[in-house]
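Here the structure is laid out as structure tokens; the discussion comes afterwards.
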Amino acid sequence: MKRKKAIVIVAFGTAKDAGFNKYLLPFKKDVEEKYGEKFDCFFALTSKKMLSKLTLDVKSYEDTLEELKMKNYDEVYVETLYFSKGKEYSKVEEVTNKYINSFEIIKITKPILEENKNLIDEYFNKYDNILFICHGVLDSEESLEEEYIKSAIKEKSKGQSYVALINKQDDYKNVISNIKDDNIPKVTIVPILITKGYHFKKDIIAESKESFLGKLKNEDITVEVVDKSLGENRFFRQVVLESLDKIIEEVGEPLE
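And the structure:
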């Protein structure tokens with residue numbers, strides 16, 4: 051009997067159907083393009099709040115695994131769309147462990163920043179002075195995203211580049227001070243966000259005094275914006291796909 055194999059892409063989510071289709075669904079299409087003949091592909095979310103706002107046929111990660119269990123799948127490979135091992139990734143680990151005995155094989159990819167060292171290389175090739183803006187962890191001074199980007203800047207940046215966190219209170223003040231101290235007249239804002247949701251549009255690129263864009267302009271710093279989420283970036287999606295390749299290769303599934 052032919053073995054039943056599934057790939058599940060799991061993410062935090064986004065609040066609008068159009069956003070899901072534009073920023074998250076491409077990850078599933080990439081997987082289907084490569085593995086669709088041998089694997090059935092599913093998308094799941096970990097945020098109950100985001101799930102409640104969507105009208106699409108998308109389930110929680112746990113409900114998805116329960117469905118695969120009931121349909122007698124043998125192997126499940128999970129592509130996780132989380133930058134670091136935070137609250138949402140930990141949810142995936144917890145649910146996966148709950149179903150560890152429900153399948154012959156169930157494996158998940160590591161957090162994106164732990165697995166891939168070249169995620170932002172293309173920006174260093176295109177721009178000189180870059181301000182990377184990422185989410186960060188609410189009420190926390192520590193951020194793997196910040197450490198990752200600072201390390202990449204030190205190693206690969208051609209000009210003066212910086213990183214700021216949306217959830218780090220008043221972080222923009224330090225960044226602007228550093229930009230001015232370095233006498234940099236122009237920076238390129240690169241959002242390190244998978245979807246173009248509330249934070250992307252309101253906190254980063256909005257034409258308002260409260261956004262990063264507005265605060266920089268208020269200091270007479272010229273700003274260029276990369277108005278594209280990582281979910282729209284094929285290079286980023288392919289790097290993430292390589293992490294899925296690895297966990298499939300580990301069990302001896304040949305890649306074409």
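Counting from 51, one number per residue, gives the positions in the sequence shown under my numbering. Each residue gets a CB set at the ideal place from its N, CA and C atoms; glycine is no exception. Model, not experiment: these values are computed from the prediction.
Residues near Leu118 by beta carbon distance below 7 Å, same chain, minus five either side: Ala56, Val126
In whole angstroms, what is the alpha-carbon distance linking Phe262 and Ile254? Their backbone Cα atoms lie some 5 Å apart in a straight line.
Out of Val142, Glu257, Thr105, Val276, which has the shortest C-alpha to C-alpha gap to Gly69? Thr105
With Val225 and Leu181 assumed to form a contact (beta carbons below 8 Å), what rounded beta-carbon distance in angstroms separates them? 7 Å
For Ala1, which of helix, strand or coil comes out of DSSP? Lying before the first or after the last residue shown, residue 1 is absent from the chain, which here runs from 51 to 306.
DSSP state of Leu115, grouped into three classes? helix
Buried/exposed call for Glu300, threshold 16 Cβ in 10 Å: exposed
For Thr105, which three-state DSSP category applies? coil
To the nearest whole angstrom, what separates the beta carbons of Val289 and Leu169, a pair I think is in contact under 8 Å? Under the criterion of beta carbons closer than 8 Å, Val289 and Leu169 qualify as touching, at roughly 6 Å.
Do the CB positions of Lys72 and Gly281 come within less than 9 Å of each other? yes
If Val128 and Ile158 are in contact, beta carbons under 8 Å, what's the gap, nearest whole angstrom? 4 Å
Under the three-state reduction of DSSP, which class applies to Phe93: helix, strand or coil? strand
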